[in-house]
Amino acid sequence: MEIGSYSDQSKSTFCLVDEDHTFANSVRFALNQDPRVTFCGYSIPHPSVTQVNIRVQTTGDPAKEVMKDGCQDLMRMCQHIRSSFTDAFIDFKRTKTDTKQDMDTK
Amino acid sequence: MPEGDVSMAEESNNGSGLDYIMSLEDVPSKLPPHLELFKTRVLCNNDAPVHTETIQYSGAYATLGVDNSVRLDNFCENFKVEVKRLTDSDMEFDLIGIDPAIANAFRRILISEVPTMAIERVYIANNTSVVQDEVLSHRLGLVPIRADPRLFEYPENAGDDKNEKNTIVFKLHARCRVGQPRITVKSDKLKWLPNGSELPCEDVRSNAGSKPKTFTSFTCSQDSLPEFSGNSISVTYPDIILAKLGPGQEIELEAHAVKGIGRTHAKWSPVATAWYRMLPEVVLLEDVVDEVADELKNKCPANVFDIEDFGKGNRRATVARPRDCTLCRECIRGGKEWEDRVSLRRVKHHCIFTIESTGALPPEVLFTEAVKILEDKCERVITELS
Ligand code: SF4
Numbered sequence: 002m003e004i005g006s007y008s009d010q011s012k013s014t015f016c017l018v019d020e021d022h023t024f025a026n027s028v029r030f031a032l033n034q035d036p037r038v039t040f041c042g043y044s045i046p047h048p049s050v051t052q053v054n055i056r057v058q059t060t061g062d063p064a065k066e067v068m069k070d071g072c073q074d075l076m077r078m079c080q081h082i083r084s085s086f087t088d089a090f091i092d093f094k095r096t097k098t099d100t101k102q103d104m105d106t107k
Numbered sequence: 002m003p004e005g006d007v008s009m010a011e012e013s014n015n016g017s018g019l020d021y022i023m024s025l026e027d028v029p030s031k032l033p034p035h036l037e038l039f040k041t042r043v044l045c046n047n048d049a050p051v052h053t054e055t056i057q058y059s060g061a062y063a064t065l066g067v068d069n070s071v072r073l074d075n076f077c078e079n080f081k082v083e084v085k086r087l088t089d090s091d092m093e094f095d096l097i098g099i100d101p102a103i104a105n106a107f108r109r110i111l112i113s114e115v116p117t118m119a120i121e122r123v124y125i126a127n128n129t130s131v132v133q134d135e136v137l138s139h140r141l142g143l144v145p146i147r148a149d150p151r152l153f154e155y156p157e158n159a160g161d162d163k164n165e166k167n168t169i170v171f172k173l174h175a176r177c178r179v180g181q182p183r184i185t186v187k188s189d190k191l192k193w194l195p196n197g198s199e200l201p202c203e204d205v206r207s208n209a210g211s212k213p214k215t216f217t218s219f220t221c222s223q224d225s226l227p228e229f230s231g232n233s234i235s236v237t238y239p240d241i242i243l244a245k246l247g248p249g250q251e252i253e254l255e256a257h258a259v260k261g262i263g264r265t266h267a268k269w270s271p272v273a274t275a276w277y278r279m280l281p282e283v284v285l286l287e288d289v290v291d292e293v294a295d296e297l298k299n300k301c302p303a304n305v306f307d308i309e310d311f312g313k314g315n316r317r318a319t320v321a322r323p324r325d326c327t328l329c330r331e332c333i334r335g336g337k338e339w340e341d342r343v344s345l346r347r348v349k350h351h352c353i354f355t356i357e358s359t360g361a362l363p364p365e366v367l368f369t370e371a372v373k374i375l376e377d378k379c380e381r382v383i384t385e386l387s
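From first to last, the protein sequence lines are chains A and B.
Following the numbering used here, the numbering of the first sequence begins with 2 at its first residue and continues without gaps.
Following the numbering used here, the numbering of the second sequence begins with 2 at its first residue and continues without gaps.
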């Protein structure tokens, strides 16, 4: 849910239910890296309510779009991490079996 | 106003401002070395670590004319993964060029959001052991189960229906006969029942003749399903002690495992633990030679330093294994001169990530699952906002 104003769309608070530090902190990181963002922070109003408020203020672009871009960036970052991890893992497996074979043949 | 300034202002309006400024000759494109150091390293001083924060804001160095934003392609270029250690249950790998915010998200997801199967309901037919029913049930809940949770559904989605898609049934029957020595009941006594529950529901006992109704309603046997053929479901470790039975005591029960996540209860956590640490960096600020070098080598309990011998009895200390540094700070204790010799640092964007799996899934699968979960979260928010 987005809480903002119609007249100035560059500032908004996003209330996300069923999320916690895991998502809020990562998206805050992603948003802070965006030069259009002047401020981004998050708070958890009460520890036993699973809800976070993410505040986004921009230099002029609609906060909602910037927020969406931030999520998009984070998602692509994850995809990249996943593919590099898989590559590194396959590489490691291969070199390990190679050295094992070397030792066997010796 | 001199003419030059006017044209400059015009140009910066035409081009995109920051790019223009960055192209000017007298604007440094890099941070001064001390700021670069504070940005990328935690300095572990004798009294306390300093510069522990990561500088995320894109305009943090705007007054210096340095752009601190990280673009996606930039990230992709610099990001690297290196696997260091791998066994069936453990894995250590380096994530290089990642912000701790993201690494921490993965850690949190691994501990509390990647699903596994764990025993949730225990139907006790008989328990005359000294272990009370509720304690025994709790112990059973914590037994790791080797079953791929991706093949199962959450029980919440099925309402009250306990079928072959969301429940794994185990039977345990152990008895110690009178006159025999005491026996230990271990987790290998849990036998998988691919056909579902065998205990009849009491309230329909009157309905004689037809097949008695049990606590599950399986439509087919689980081992006839293609996904389970070849890898039968069992407990991961056969030697977990569940209870001890004296002569004449008996336990007979049925345990139902369902899918869940660690946030609900720790028994569903797929990892014994998952953690990351920053790469240690040990720097010798001056040449450490001869006796002092020996002293330095002997000071370090983690054996980080080596002595380099270059003839005629000349020795010099080198940093050979910085990765082993435990940050005990023994090497900078003993006066100001030691602090001036050695600098202990941590590389902020280099995370050494370790995963210890409990055995349901291998650690590399756990990590990819965790990354996928973060992706799903992003996707959910994007759809929610559009
Ligand atoms: S901090 Fe401790 S482990 Fe690290 S180099 Fe110094 S003495 Fe060795």
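Ideal placement from N, C-alpha and C gives every residue a C-beta, glycine not left out.
Quiz item: What is the rounded straight-line gap between the Cα of B/Pro145 and the Cα of B/Thr265?
Solution: 16 Å
Self-check item: Three-state class that DSSP yields for B/Thr237 in the structure shown
Solution: coil
Exercise. Please name the residue or residues paired with B/Ala256 in a DSSP beta bridge.
Key: B/Val123 and B/Phe171
Quiz prompt | Own chain residues within Cβ distance below 6 Å of B/Ala256, not counting five before or after | solution = Ile120, Val123, Leu141 and Phe171
Self-check item: B/Gln223 burial status per 10 Å Cβ neighbour count (16 or more: buried)
Solution: buried
Exercise. Could you tell me the distance, in whole angstroms, from the CA atom of B/Glu54 to the CA atom of A/Gln102?
Key: 46 Å
Quiz item: Does any heavy atom of the ligand SF4 sit closer than 6 Å to the C-beta of B/Glu340?
Solution: no
Quiz item: Just the Cα atoms here: how many angstroms apart are B/Glu228 and B/Val236?
Solution: 18 Å
Practice problem: State buried or exposed for A/Gly71, treating a residue as buried only when at least 16 other CB atoms are found within 10 Å of its CB. | Solution: buried
Quiz prompt | For B/Ala267 and B/Ile356, the rounded distance between their alpha carbons | solution = 16 Å
Quiz item: Do the stretch 173-193 of chain B and the stretch 149-162 of chain B touch if we need at least three Cβ pairs shorter than 8 Å?
Solution: no
Exercise. Just tell me which of B/Asp134, B/Pro201 and B/Phe311 has its CA closest to the CA of B/Leu243.
Key: B/Asp134
Quiz prompt | According to DSSP, residues forming a beta bridge with A/Asn54 | solution = A/Cys16 and A/Ser44
Quiz item: Just the Cα atoms here: how many angstroms apart are B/Ser233 and B/Gly261?
Solution: 20 Å
Quiz item: Beta carbon of B/Glu199: closer than 6 Å to some heavy atom of the ligand SF4?
Solution: no
Quiz item: For B/Glu78 and chain A, any beta-carbon pair shorter than 7 Å?
Solution: no
Quiz prompt | Coarse secondary structure for B/Leu345, derived from DSSP in three states | solution = strand
Quiz item: Per DSSP, what kind of secondary structure is A/Gly5 in: helix, strand or coil?
Solution: strand
Practice problem: Give a yes or no on whether the C-beta atoms belonging to A/Tyr83 and B/Val372 are separated by under 7 Å. | Solution: Sequence check: residue 83 of chain A is Arg here, not Tyr. Yes, the Cβ-Cβ distance between A/Arg83 and B/Val372 is below 7 Å.
Practice problem: Could you name the residues of the same chain whose beta carbon sits closer than 6 Å to that of B/Lys378, not counting the 5 residues immediately before and after it, in chain order? | Solution: none
Quiz item: Excluding sequence positions up to five away, which residues of its chain have a Cβ less than 7 Å from the Cβ of B/Pro363?
Solution: Asp89
Quiz item: Secondary structure at B/Asn128, three-state DSSP: helix, strand or coil?
Solution: strand
Quiz item: So which residues of chain A does B/Lys378 contact, with C-beta pairs closer than 8 Å?
Solution: Glu20, Thr23 and Phe24
Quiz item: By a C-beta neighbour count over all protein chains shown, 10 Å radius and 16 as the cutoff for buried, is B/Asp95 buried or exposed?
Solution: buried
Self-check item: Reference B/Ser113; option with closest CA among B/Gly263, B/Phe368 and B/Asp149
Solution: B/Gly263
Quiz prompt | Residues bridged to B/Ile356 (per DSSP) | solution = B/Met92 and B/Ala275
Quiz item: Quick one, which of A/His81, A/Phe86 and A/Ala64 has its alpha-carbon nearest A/Ser6's?
Solution: A/Ala64
Quiz item: What do you reckon, are the CB atoms on A/Phe30 and B/Asp100 nearer than 7 Å?
Solution: yes
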